[in-house]
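With full-length UniProt numbering as the guide, the letters of the sequence shown map in order to residues 1 to 304. Ideal Cβ placement from N, Cα and C applies to all residues, glycine included. All values derive from a computational prediction rather than experimental measurement. Everything on this sheet refers to the single structure shown next.
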Amino acid sequence: MKDLLQINGMYSQSVHPLLQTDKPGYIHSVFQNGWNIGMGDGLIFIGSAKNGLLPFGIHLEDRFLPKLISLIEQNEMVHFNDGMSALLFSRFCITLNPQHAYHLCVGPITRDPQSLLHLLDAFATELVMHSRPTGADISVEHFIQCHMMESFVCCSEREQKVLQLMDVALTENLSQIDEILRYWIGRGKGLTPSGDDMLVGLLAVDAVTEVLTDSFRLHLSRLVEREDLTTDISREYLKYALKRDFSSVVTDVLHSLLQNNSVSLNERTRELLRVGHSSGLDTAFGILIGLLIIRRNSNWHKKL
Numbered sequence: 001m002k003d004l005l006q007i008n009g010m011y012s013q014s015v016h017p018l019l020q021t022d023k024p025g026y027i028h029s030v031f032q033n034g035w036n037i038g039m040g041d042g043l044i045f046i047g048s049a050k051n052g053l054l055p056f057g058i059h060l061e062d063r064f065l066p067k068l069i070s071l072i073e074q075n076e077m078v079h080f081n082d083g084m085s086a087l088l089f090s091r092f093c094i095t096l097n098p099q100h101a102y103h104l105c106v107g108p109i110t111r112d113p114q115s116l117l118h119l120l121d122a123f124a125t126e127l128v129m130h131s132r133p134t135g136a137d138i139s140v141e142h143f144i145q146c147h148m149m150e151s152f153v154c155c156s157e158r159e160q161k162v163l164q165l166m167d168v169a170l171t172e173n174l175s176q177i178d179e180i181l182r183y184w185i186g187r188g189k190g191l192t193p194s195g196d197d198m199l200v201g202l203l204a205v206d207a208v209t210e211v212l213t214d215s216f217r218l219h220l221s222r223l224v225e226r227e228d229l230t231t232d233i234s235r236e237y238l239k240y241a242l243k244r245d246f247s248s249v250v251t252d253v254l255h256s257l258l259q260n261n262s263v264s265l266n267e268r269t270r271e272l273l274r275v276g277h278s279s280g281l282d283t284a285f286g287i288l289i290g291l292l293i294i295r296r297n298s299n300w301h302k303k304l
């Protein structure tokens, strides 16, 4: 232990249960800004906080990353020493101080959830000003026009599928829910397909409003947990989102909406939009969809 390079890590409280296993973990995937380890029945990201704090993250100072990444190998075994509270790699270790743990879970709000809508126009404007289509090649501005017209005539196929998603999110019709979720889960390119990022954004709104039906939420959970419909990494984001656990760039947007703080919302939305190639925009689009569902269905809260 004393011969190993030792680094301190800041970590999500949600990863701690994954570390409490008798079996060793392994290096799952490696990137420029960090790497994933498979541990227990989930993944843990270790690396930069440039995209915010992750719900399954252990974050290190950026200056250490090039060196550490050069010292690891694909499929290398990883052990957690509970007594030392340290992740042991072959050539270095990462110590986890409980004082440096963070918690990103959000829960239902107690006041009128429609308070989220006070800054809906400002939020939508930020997305439109971004001037880029989502990863599913949807123009946010054009989609808003389709939504306002309540007509499929001018909508592309994918815009129609978003409108259908908004409809089934409030139903108990399992066959309709299944069809639209299978359309969106895993749809798109990259480590986190755009359809999944959009669903994470929608789940973020649901986390503070409980706008989705139990049938929708439970069936999404079943598909994510039991079927191989998307990437390992994207599945992890969805699993945590279903437990109301999100990246800090997402919770920051939610908090700004709840606090009715337009200056903060603009700043936090831009931070979210900078994440990934289109991942941040796709997630923000999902948040927009959730807000539009609330605005369109003023009686949704009667089911609570």
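Rounded straight-line distance, which links the Cα of residue j to that of residue i
| i | j | result |
| --- | --- | --- |
| T125 | S139 | 13 Å |
| E179 | F64 | 45 Å |
| T213 | L163 | 16 Å |
| E61 | L4 | 18 Å |
| H100 | N33 | 20 Å |
| I44 | G38 | 6 Å |
| I94 | G83 | 13 Å |
| T283 | Q145 | 20 Å |
| G52 | P24 | 27 Å |
| H118 | L258 | 9 Å |
| R296 | R217 | 19 Å |
| S279 | G286 | 11 Å |
| L238 | Q114 | 25 Å |
| L203 | D252 | 15 Å |
| F92 | E236 | 26 Å |
| L271 | D112 | The question names Leu, but residue 271 in the sequence shown is Glu. One C-alpha to the other measures close to 27 Å. |
| K161 | S264 | 32 Å |
| H147 | N260 | 24 Å |
| W35 | S248 | 19 Å |
Cβ separation of residue i and residue j, assumed to be a contact under 8 Å, to the nearest whole Å
| i | j | result |
| --- | --- | --- |
| I293 | A169 | 6 Å |
| L96 | G42 | About 16 Å separates the two Cβ atoms, so there is no contact after all. |
| Q234 | T192 | Note on residue identity: the sequence assigns Ser, not Gln, to residue 234. Between T192 and S234 the Cβ distance is about 4 Å, and since that is below 8 Å, they are a contact. |
| residue 352 | L181 | Because the chain here runs from 1 to 304, residue 352 falls outside it and cannot be looked at. |
Residue i versus the options, residue with shortest Cα-Cα distance
| i | options | result |
| --- | --- | --- |
| residue 360 | D252, I185, V15 | Summary: the structure shown does not reach residue 360, with the chain confined to residues 1 through 304, and so no result is reported for it. |
| M129 | N266, G290, V275, R296 | N266 |
| C105 | K50, S156, R274, D245 | D245 |
| L281 | I46, Q20, L127 | L127 |
| K189 | T231, V208, L116, L68 | T231 |
| Q13 | P98, M77, P108 | P98 |
| A86 | K67, H16, E73 | H16 |
| I27 | L71, Q176, H255, L229 | L71 |
| Y240 | A207, N260, H255 | A207 |
| A49 | V78, H79, Y11 | Y11 |
Beta-bridge partners of residue i, as assigned by DSSP
| i | result |
| --- | --- |
| I58 | Y11, I46 |
| V78 | G25 |
| T95 | N8, A86 |
| A124 | BP columns for A124 are empty, so no partner. |
| D245 | C105 |
| M39 | G42 |
| V30 | W35 |
**Request:** Count the CB pairs spanning the region 128-135 and the region 46-61 that are closer than 8 Å, and state whether there are at least three.
**Result:** no
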